[in-house]
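To keep things clear, I will list the structure first and then write my remarks on it.
2 protein chains.
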Amino acid sequence: MFKSATAKGANTRATILEAALSLFRERGFDETTMREIAARAGLSLGAAYHYFASKEAIVLAYYAHIQAKHIELARQALATTTELGDRLAVTMHTKLDVLADDRRIMGALLRFTGDPAHPLSFLGQTARPIQLASIRVFDEALEGASLPPDLRRIAPTALWGLHMGILLYFLYDDSPSQARTRRLVDQAMTLVVRLLPVMRFPLFKPIRARLAALLDDAGLILDPRDVPAMALLDSVGIEQPQTDAERASSTDES
Amino acid sequence: MFKSATAKGANTRATILEAALSLFRERGFDETTMREIAARAGLSLGAAYHYFASKEAIVLAYYAHIQAKHIELARQALATTTELGDRLAVTMHTKLDVLADDRRIMGALLRFTGDPAHPLSFLGQTARPIQLASIRVFDEALEGASLPPDLRRIAPTALWGLHMGILLYFLYDDSPSQARTRRLVDQAMTLVVRLLPVMRFPLFKPIRARLAALLDDAGLILDPRDVPAMALLDSVGIEQPQTDAERASSTDES
DNA sequence: GTTCGGTTTTGAACGCGTTCAAAATTTTAC
DNA sequence: GTAAAATTTTGAACGCGTTCAAAACCGAAC
Chain A
1 MFKSATAKGA NTRATILEAA LSLFRERGFD ETTMREIAAR AGLSLGAAYH YFASKEAIVL
61 AYYAHIQAKH IELARQALAT TTELGDRLAV TMHTKLDVLA DDRRIMGALL RFTGDPAHPL
121 SFLGQTARPI QLASIRVFDE ALEGASLPPD LRRIAPTALW GLHMGILLYF LYDDSPSQAR
181 TRRLVDQAMT LVVRLLPVMR FPLFKPIRAR LAALLDDAGL ILDPRDVPAM ALLDSVGIEQ
241 PQTDAERASS TDES
Chain B
255 MFKSATAKGA NTRATILEAA LSLFRERGFD ETTMREIAAR AGLSLGAAYH YFASKEAIVL
315 AYYAHIQAKH IELARQALAT TTELGDRLAV TMHTKLDVLA DDRRIMGALL RFTGDPAHPL
375 SFLGQTARPI QLASIRVFDE ALEGASLPPD LRRIAPTALW GLHMGILLYF LYDDSPSQAR
435 TRRLVDQAMT LVVRLLPVMR FPLFKPIRAR LAALLDDAGL ILDPRDVPAM ALLDSVGIEQ
495 PQTDAERASS TDES
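Same order as they appear, the protein sequences are chains A and B. Here my numbering is used: the first residue of the first sequence is 1, the next is one more, and so on. Here my numbering is used: the first residue of the second sequence is 255, the next is one more, and so on.
Rendered as structure tokens:
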């Protein structure tokens with residue numbers, strides 16, 4: 001509906017996104033008006049709405065953007081990291097790196113989380129591909145780790161959940177440079193790798209099974225390998241000027 | 255600032271809250287306008303704003319209301335329940351009972367969670383007393399349980415965190431009567447009580463210590479016993495027509 | 001009963017996010 | 001090159017949450 005159909009349109013969209021994000025960073029989400037965004041992008045108000053269905057839709061595009069960036073940074077760091085604890089820590093820290101200056105924008109993502117039916121809920125259908133891509137990073141971080149199959153299967157989603165909690169802590173962390181969150185990540189990841197060998201004891205087999213069954217039953221375990229590589233970029237419509245004809249992913253309405 | 259100074263005012267405030275909640279239930283939070291709320295309460299628009307600083311402030315009052323109700327229901331049920339697993343399950347289930355028809359209102363509480371500085375964030379300063387009261391219920395549910403001291407200390411907050419996750423699941427649960435969430439609660443609580451005896455092994459001592467240190471360091475462990483009994487009611491200003499002179503808790507502005 | 005201080009109530013106004021019909025522009029088809 | 005179709009852009013308008021100065025109301029003091 002709103003996605004640019006032409007190459008020039010894609011650039012205009014990128015311009016608006018840039019203008020919006022810089023304003024959000026300067027002044028915060030609530031304090032930035034759509035009129036200002038349009039003005040900075042050199043457009044009229046209505047034009048901005050041609051590219052983004054709403055103010056929060058911009059934030060969702062940012063969400064996809066962040067996720068793509070995290071995948072890139074994490075993969076790069078993981079390529080030279082072998083120790084499991086380090087791999088997990090590096091995955092979390094790169095995420096924080098990406099978000100470091102954008103905590104206020106990140107907070108705006110929570111705006112619609114309370115409404116499951118809302119197309120802009122970051123836990124809802126629309127954002128599902130992004131969420132899966134996010135889980136996948138943890139799946140990759142676990143590559144090479146020797147875990148019981150049942151644990152291996154639920155671990156990525158579990159880590160993703162933990163990472164969500166950490167992001168919430170990060171959002172509220174008022175220590176300089178969010179040093180507390182950094183420390184929390186290190187300690188938590190150390191604890192996780194200490195816990196893993198213990199969990200492998202046969203004694204834990206029934207408990208692990210129970211946990212896996214519980215999460216399965218709740219539909220909480222997602223398999224990130226379902227996602228076609230970089231589908232997330234297209235999923236919300238991202239800035240990069242597209243190369244060829246690639247518009248067939250629009251079944252979304254508001 | 256906005257809290258009613260007279261007895262009649264307190265009733266008016268209650269009327270507005272009632273009108274608002276019934277409209278929220280009927281139509282949802284976003285679809286209900288302040289003008290409608292005022293109209294149903296038999297007041298002008300401006301009058302409503304004399305009693306509630308904003309639309310979300312109404313939801314925060316509802317949050318306090320819910321919490322008071324949960325304390326009541328949970329205590330009542332706990333009085334006749336001895337088994338730890340049952341005590342935990344009953345605590346969770348009563349919370350779901352209280353919220354069963356108000357999931358949409360509950361969702362509105364998330365509206366400002368992304369802004370740590372906002373006075374209406376349900377994780378922020380303003381709502382802290384309510385949060386502590388909420389944790390306290392889990393503390394009471396654990397009464398009589400034989401846990402290592404370090405576990406005993408962090409358990410209420412940990413359970414509260416788990417309960418938050420369950421509420422999020424509850425919010426998104428579209429199964430009839432949210433049966434899935436009910437099942438999830440039962441399974442999760444069973445798992446917790448299975449896990450506890452294992453955690454008591456001396457083998458786990460260092461891990462428990464590490465976990466406790468981590469949470470302490472992060473400032474995540476709150477002691478619910480700090481809260482003076484029912485302070486939460488006054489903390490946000492609740493409907494009950496006050497009996498005597500009890501207005502001295504107002505240092506809050508927006 | 002009148003005055004005075006406060007609380008409560010009003011209604012108009014403001015700025016914002018959003019919508020929409022129509023105009024301008026670009027792309028496509030012949 | 002021109003006509004038609006599609007896309008992009010415009011600016012006015014709407015409804016909403018919120019603010020505010022002023023009016024109405026109320027109880028206490030004398």
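We put the CB at the ideal spot given by N, CA and C, even for glycine.
{"query": "Length-filtered (3 minimum) beta strand (DSSP E) runs lying within the region 144-229 of chain A", "result": "none"}
{"query": "Per-residue burial, Thr266 (chain B) [other beta carbons within 10 Å of its own, 16 or more giving buried]", "result": "buried"}
{"query": "is_contact[Ile135 (chain A), chain B] using C-beta, thresh 9 Å", "result": "no"}
{"query": "Cα-Cα separation between Met164 (chain A) and Leu110 (chain A), rounded to whole angstroms", "result": "12 Å"}
{"query": "Leu120 (chain A) in three-state terms, based on DSSP", "result": "coil"}
{"query": "Cα-Cα separation, Ala248 (chain A) to Asp355 (chain B)", "result": "The pLDDT assigned to Ala248 (chain A) is 33, lower than 50, so where the model puts this residue is not dependable; a value taken from the coordinates is nonetheless given after this. Approximately 39 Å between the Cα atoms of the pair."}
{"query": "Through-space distance from Gly282 (chain B) to Leu275 (chain B), alpha-carbon basis", "result": "9 Å"}
{"query": "Whole-angstrom distance between Ser375 (chain B) and Met288 (chain B), CA atom to CA atom", "result": "20 Å"}
{"query": "Environment of Glu56 (chain A) [buried if 16+ CB atoms lie within 10 Å]", "result": "buried"}
{"query": "Coil, strand or helix - Ser276 (chain B) by DSSP", "result": "helix"}
{"query": "Residue from A:Ser175, A:Leu196, A:Leu195, A:Ile166 with nearest C-alpha to Val185 (chain A)", "result": "A:Ile166"}
{"query": "Same chain, Cβ closer than 7 Å to Arg180 (chain A), five either side skipped, listed in chain order", "result": "Asp173"}
{"query": "Cut-off 7 Å between Cβ atoms - residues of its own chain near Val98 (chain A), not counting five sequence neighbours on either side", "result": "Ile66, Lys69, His70, Leu73"}
{"query": "Residue-chain proximity (Leu422 (chain B), chain A), Cβ-Cβ < 9 Å", "result": "yes"}
{"query": "Interface residues of the region 138-167 of chain A facing chain B [CB-CB below 9 Å]", "result": "Gly161, Gly165"}
{"query": "Residues of its chain near Phe366 (chain B), where Cβ-Cβ distance is below 7 Å and the 5 sequence neighbours each way are ignored", "result": "Glu310, His372, Leu374, Ser375"}
{"query": "Buried/exposed call for Ser44 (chain A), threshold 16 Cβ in 10 Å", "result": "exposed"}
{"query": "Contacting residues, own chain, Cβ-Cβ under 7 Å from Gly124 (chain A) (five flanking each side not counted)", "result": "Pro116, His118"}
{"query": "4 or more residues per run - each alpha helix (DSSP H) lying fully within the region 313-363 of chain B", "result": "338-353, 357-362"}
{"query": "Status (buried if at least 16 other CB within 10 Å, exposed otherwise) for Gly368 (chain B)", "result": "buried"}
{"query": "N-terminal and C-terminal residue of the alpha helix (DSSP H) that Asp393 (chain B) is part of", "result": "382-395"}
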